[in-house]
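Down below is the structure, laid out as structure tokens.
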Amino acid sequence: YKRHLSTTSNSQTPNSTMVKTKELSKDTRNQIVDLHQAGKTESAIGKQLGVKKSTVGAIIRKWKTYKTTDNLPRSGAPRKISPRGVKMITRMVSENPRTTRGDLVNDLQKSWDQIHVRARLKFAREHLDDPEEDWENVI
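Here the sequence shown stands for residues 1 to 139, where the numbers follow UniProt numbering.
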């Protein structure tokens, strides 16, 4: 007896992805608030400035709540991998798509070790001629 599993479809198709858009300039945000204070509707402001009505509403709500149109601090943890590290990983995977996570970690560790060695060598050369009294305070 075979059971057929029905596949459930998501509301998003594989090709529809959410794209992060650029933030509006401070001038545009201030213009939105000024037009709102002048009595214009969100729709009218959006049409006049070429901005979505929902964006206009969000800026007005933010202004009413915080009395500012500045960018507020966002939540979230700092990135664990630097942009340079991301480029290195991307390059390594594009050169060898079947590489494993372990191989990536090892290769990245080697590159960071070389950077660390160079930094330590530079420090040692800079402090080569320091008097011995300076080193007595080092823990």
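Built from N, CA and C at the ideal position, the CB exists for glycine as well.
Tell me the residue span of the alpha helix (DSSP H) that contains residue i.
i	result
Asp-107	101-126
Thr-41	Where Thr-41 is concerned, there is no enclosing alpha helix (DSSP H), given that its DSSP letter is neither H nor E.
Glu-23	Where Glu-23 is concerned, there is no enclosing alpha helix (DSSP H), given that its DSSP letter is neither H nor E.
Val-51	Careful: Val-51 lies outside any alpha helix (DSSP H) and carries neither H nor E.
Asp-130	Asp-130 -> no alpha helix (DSSP H), and no H or E assigned at all.
Ser-94	83-95
Please classify residue i as buried or exposed, where buried requires at least 16 neighbouring CB atoms within 10 angstroms.
i	result
Thr-69	buried
His-36	buried
Gly-50	exposed
Ile-32	buried
Glu-133	exposed
Glu-126	exposed
Val-117	exposed
Ile-81	exposed
Gly-46	buried
Leu-42	Checking the displayed sequence, the identity of residue 42 turns out to be Glu instead of Leu. Glu-42 comes out buried.
Ile-59	buried
Arg-79	exposed
Val-105	exposed
Arg-29	buried
Val-56	buried
Lys-2	Only weak support exists for where Lys-2 lies, its pLDDT of 49 falling under 50; the coordinates are left without a value.
Am I right that residue i and residue j are in contact with their C-beta atoms under 8 Å? What's the rounded C-beta distance?
i	j	result
Glu-23	Asn-71	7 Å
Thr-100	Val-93	Not a contact, Cβ separation roughly 10 Å.
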